[in-house]
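Peer 1: Residue numbers (full-length UniProt numbering): 1 to 382. We put the beta carbon where it would ideally sit given N, CA and C, even for glycine. Computed from a prediction, not measured in an experiment: that's the story for all the values here. Before I ask anything, here is the structure I am working with.
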């Protein structure tokens, strides 16, 4: 009897224990899933913060470039003002030199007239005892009288003219001194203006130089990023070609026609453009479609995932092999729902819009490649 009871208890526990263990495993699995989801949310939050900082940095760079243009224009205007001020200084310097020369000439002329007048005064003084009327009326003939009268008239006229000339010379000298003072004051004002202009130019030159050095460092960084991006594109081309050639093509073959992976505004087309980040001409290997952060991205056609993960400048990216040497690339994604080897159908969700890699904001970078070489996606879309 006791043996039967023990046997029953063993049988009961043999069923209860596995049931408890399975429940515990499911609970652990659910807990791990919750932890991973929270971790993913935290990663996405940090990623969004980084993207916002990147966008803020880009705007600051654009403002810096704008300020550089404005500062250069101001510098050009300042140089023009300085040039005009120098021209005025040069002109006034010439006028000043002429005034100084005229002043010296007037001074010398005045000195000569002063000596002549002094001599004349001495002569008059010496001959002051002579009666001019007596000399005039002692003429022996009418002709002699007329000659004496003309001579005396000229003496009087000459004396009056000499006095008048001296007076005029003094007035002229006084006017010249006033003009000289005015011109000197103008030159002082222009000199002060030029000094201020020079200070402005020096300050602006320093500002431009600092800005130039800063932008130069950024340019070097961007050039390095461009080189990485170009290398990534070339490597991607090789890998796509390696995985799409030499076989029967994709295990999940495409239909041969593509659908839009995302509906949105096209912000950059295929071909040469001025890159939005580093402001230099480059070849855009795909099409940029703007969309809100987290918008779903669908497979343009059926195929097999041959690349899925972080790809340098492309950020989080997926490449689908559709067979017949055709593949599509999806870049700058925030989340990837597929992994290498997965088979997808046309229109199936493969990830979400983001701004990872070298990006200026949330959008999808979409490429179509034939034998690994990028082609214009618009040609293949309805």
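(1) Going by C-alpha distance, which of 107, 333, 311 and 353 is nearest residue 231?
(2) Count the C-beta pairs between the region 263 to 271 and the region 302 to 322 that are closer than 8 Å, then say yes if the count reaches three, no if not.
(3) Under the rule that 16 or more other beta-carbon atoms within 10 Å means buried, what is residue 292, buried or exposed?
(4) Closer than 8 Å by C-beta to residue 89: which residues in its own chain qualify, once you throw out the five before and the five after it? Chain order, please.
(5) Apart from the five residues on each side of it in sequence, which residues of its chain come closer than 8 Å, Cβ to Cβ, to residue 341?
(6) Is it buried or exposed, residue 362, if we count other Cβ atoms within 10 angstroms and call 16 or more buried?
(7) Check whether the region 324 to 332 and the region 365 to 375 touch, using three or more Cβ-Cβ pairs below 8 Å as the test.
(8) Using three-state DSSP, classify residue 295 as helix, strand or coil.
(9) Terminal residues of the continuous beta strand (DSSP E) containing residue 352?
(10) Does the distance from the CB of residue 199 to the CB of residue 85 come in under 9 Å?
(11) Can you give, in chain order, each stretch of the beta strand (DSSP E) that sits fully within the UniProt domain "M23ase beta-sheet core" (283 to 377) and has at least 3 residues?
(12) Output the distance between the C-alpha atoms of residue 74 and residue 261, rounded to the nearest integer angstrom.
(13) Using DSSP with H/G/I as helix, E/B as strand and the rest coil, what is residue 271?
(14) Relative to the C-alpha of residue 351, which candidate in 317, 202 and 322 has its C-alpha closest?
(15) Helix, strand or coil for residue 265? Go by DSSP, reduced to three states.
(16) For residue 106 and residue 87, I'd like the C-alpha separation in whole angstroms.
(17) With a threshold of 16 other CB atoms inside 10 Å of the CB of residue 210, please say whether the residue is buried or exposed.
(18) Please confirm whether residue 353 and residue 338 have their CB atoms less than 9 Å apart.
(19) Does the separation of the CB atoms of residue 381 and residue 288 fall below 9 Å?
(20) I'd like the list of long-range same chain contacts for residue 83, defined as Cβ closer than 8 Å, with 5 residues on each side in sequence excluded.
(21) Using the three-state DSSP reduction, which class does residue 254 fall into: helix, strand or coil?
(22) In angstroms with no decimal places, state the Cα-to-Cα distance between residue 217 and residue 336.
(23) Using the Cα positions of residue 357 and residue 365, report the straight-line distance between them to the nearest angstrom.
(24) If I measure Cβ to Cβ from residue 346 and keep anything under 7 Å in the same chain, skipping five residues before and after, which residues do I get?
(25) Which same chain residues, not among the five before or five after residue 18, have their C-beta less than 8 Å away from its C-beta?
(26) Take residue 81 and list the residues in its own chain whose beta-carbon comes closer than 7 Å to its own, dropping the five residues that flank it on each side.
(27) By a C-beta neighbour count over all protein chains shown, 10 Å radius and 16 as the cutoff for buried, is residue 369 buried or exposed?
(28) Assign residue 367 to buried or exposed, taking buried as 16 or more other Cβ atoms, counted over all protein chains shown, within 10 Å of its Cβ.
(29) Tell whether a beta-carbon distance below 9 Å holds between residue 78 and residue 235.
(30) If we ignore side chains and look at the alpha-carbon of each, how far apart do residue 72 and residue 201 end up?
(31) If you check the beta carbons only, do residue 176 and residue 97 fall under 9 Å apart?
(32) Alpha carbon to alpha carbon, how far is residue 180 from residue 95? Give it in angstroms, no decimals.
(33) Give the list of continuous beta strand (DSSP E) stretches no shorter than 3 residues that lie fully inside the region 68 to 109.
(34) Could you check if residue 297 is buried or exposed, using at least 16 other CB atoms within 10 Å of its CB as the buried criterion?
(35) Tell me whether the beta-carbon of residue 284 lies closer than 9 Å to the beta-carbon of residue 294.
Peer 2: Result, derived from the coordinates:
(1) The sequence position of residue 231 within the chain shown is 231, counting from 1. Closest by alpha carbon: 311.
(2) In short, these stretches do not touch, since the Cβ pair count stays below three.
(3) Within the chain shown, numbered from 1, the residue matching residue 292 stands at position 292. Exposed, because fewer than 16 other Cβ atoms sit within 10 Å of the Cβ of residue 292.
(4) Residue mapping note: residue 89 aligns to position 89 of the chain shown, counting from 1. Close CB contacts of residue 89 within its chain, under the 8 Å cut and outside five residues either way in sequence, are with 187, 190, 191 and 194 (chain order).
(5) As a first step, residue 341 is located in the chain shown; it is residue number 341 there, counting from the start. Only 304 and 305 meet the Cβ criterion.
(6) Here residue 362 refers to the residue found at position 362 of the chain shown. Result: buried.
(7) Pairwise C-beta distances place the region 324 to 332 in contact with the region 365 to 375, as three or more of them are shorter than 8 Å.
(8) Locating residue 295 in the chain shown gives position 295, where the first residue counts as 1. In this structure, residue 295 counts as coil in the three-state DSSP scheme.
(9) Counted from its first residue, the chain shown places residue 352 at position 352. Where residue 352 is concerned, the enclosing beta strand (DSSP E) stretches over 349 to 353.
(10) As a first step, residue 199 is located in the chain shown; it is residue number 199 there, counting from the start. As a first step, residue 85 is located in the chain shown; it is residue number 85 there, counting from the start. No, the Cβ-Cβ distance between residue 199 and residue 85 is not below 9 Å.
(11) Here the runs fully enclosed are 287 to 290, 296 to 298, 303 to 310, 316 to 323, 326 to 336, 349 to 353, 363 to 370 and 373 to 375.
(12) As a working note, residue 74 is residue 74 in the chain shown. As a working note, residue 261 is residue 261 in the chain shown. Cα to Cα, the separation comes out at about 48 Å.
(13) Residue 271 sits at position 271 when you count from the first residue of the chain shown. Residue 271 carries a strand assignment under DSSP once its states are collapsed to helix, strand and coil.
(14) In the chain shown, the residue the question calls residue 351 occupies position 351. The residue with the shortest Cα to Cα distance from residue 351 is 317.
(15) By one-based count along the chain shown, residue 265 stands at place 265. Looking at residue 265 - three-state DSSP - the assignment turns out to be strand.
(16) Within the chain shown, the letter at position 106 stands for residue 106. Within the chain shown, the letter at position 87 stands for residue 87. Rounded to whole angstroms, the gap between the alpha carbons of residue 106 and residue 87 is 28 Å.
(17) For this step, residue 210 is matched to residue 210 along the chain shown. That one is exposed.
(18) Residue numbering aside, residue 353 sits at position 353 when the chain shown is read from its first letter. Residue numbering aside, residue 338 sits at position 338 when the chain shown is read from its first letter. By the CB criterion at 9 Å, residue 353 and residue 338 fall outside the cutoff.
(19) Against the chain shown, residue 381 aligns to sequence position 381. Against the chain shown, residue 288 aligns to sequence position 288. In this structure, residue 288 does not lie closer than 9 Å to residue 381 by Cβ.
(20) Indexing the chain shown from 1 puts residue 83 at position 83. Within the same chain, residue 83 has no close Cβ partners at all.
(21) Working through the chain shown from its first residue, we reach residue 254 at position 254. Correct three-state label for residue 254: coil.
(22) Translated into positions along the chain shown, residue 217 becomes position 217. Translated into positions along the chain shown, residue 336 becomes position 336. Rounded to the nearest whole angstrom, the CA to CA distance from residue 217 to residue 336 is 34 Å.
(23) As a working mapping, residue 357 is identified with position 357 in the chain shown. As a working mapping, residue 365 is identified with position 365 in the chain shown. For residue 357 and residue 365, the distance between alpha carbons rounds to 11 Å.
(24) Walking along the chain shown from the start, residue 346 turns up at place 346. Scanning its chain for C-beta atoms nearer than 7 Å, with the 5 sequence neighbours on each side dropped, one finds around residue 346 the residues 255, 259, 299, 301 and 302, in chain order.
(25) By 1-based counting over the chain shown, the position of residue 18 is 18. With a pLDDT of only 44 at residue 18, under the threshold of 50, the placement of this residue in the model should not be trusted; the figure read from the coordinates follows. Closer than 8 Å at the Cβ level, and outside the excluded window around residue 18, lies no residue.
(26) Residue 81 sits at position 81 when you count from the first residue of the chain shown. These residues qualify, in order along the chain: 197.
(27) Taking the first residue of the chain shown as 1, we reach residue 369 at position 369. In the assembly as shown, residue 369 is a buried residue. Its beta-carbon has 16 or more other beta-carbons within 10 Å.
(28) One-based indexing of the chain shown puts residue 367 at position 367. The residue in question, residue 367, is buried, as its Cβ has 16 or more Cβ neighbours within 10 Å.
(29) Sequence index remark: in the chain shown, residue 78 carries index 78 (1-based). Sequence index remark: in the chain shown, residue 235 carries index 235 (1-based). No. Outside cutoff.
(30) Start at 1 with the first residue of the chain shown, and residue 72 comes out as number 72. Start at 1 with the first residue of the chain shown, and residue 201 comes out as number 201. When rounded, the distance between both Cα atoms is 10 Å.
(31) The residue labelled residue 176 in the question sits at position 176 within the chain shown. The residue labelled residue 97 in the question sits at position 97 within the chain shown. Their beta carbons are not under 9 Å apart, which means residue 176 does not touch residue 97 by this criterion.
(32) As a working mapping, residue 95 is identified with position 95 in the chain shown. As a working mapping, residue 180 is identified with position 180 in the chain shown. Their backbone Cα atoms lie some 9 Å apart in a straight line.
(33) The qualifying runs do not exist here; there are none.
(34) Within the chain shown, numbered from 1, the residue matching residue 297 stands at position 297. That one is buried.
(35) On the chain shown, residue 284 is found 284 positions in, with the first residue counted as 1. On the chain shown, residue 294 is found 294 positions in, with the first residue counted as 1. No, these two residues do not count as a Cβ contact at 9 Å.
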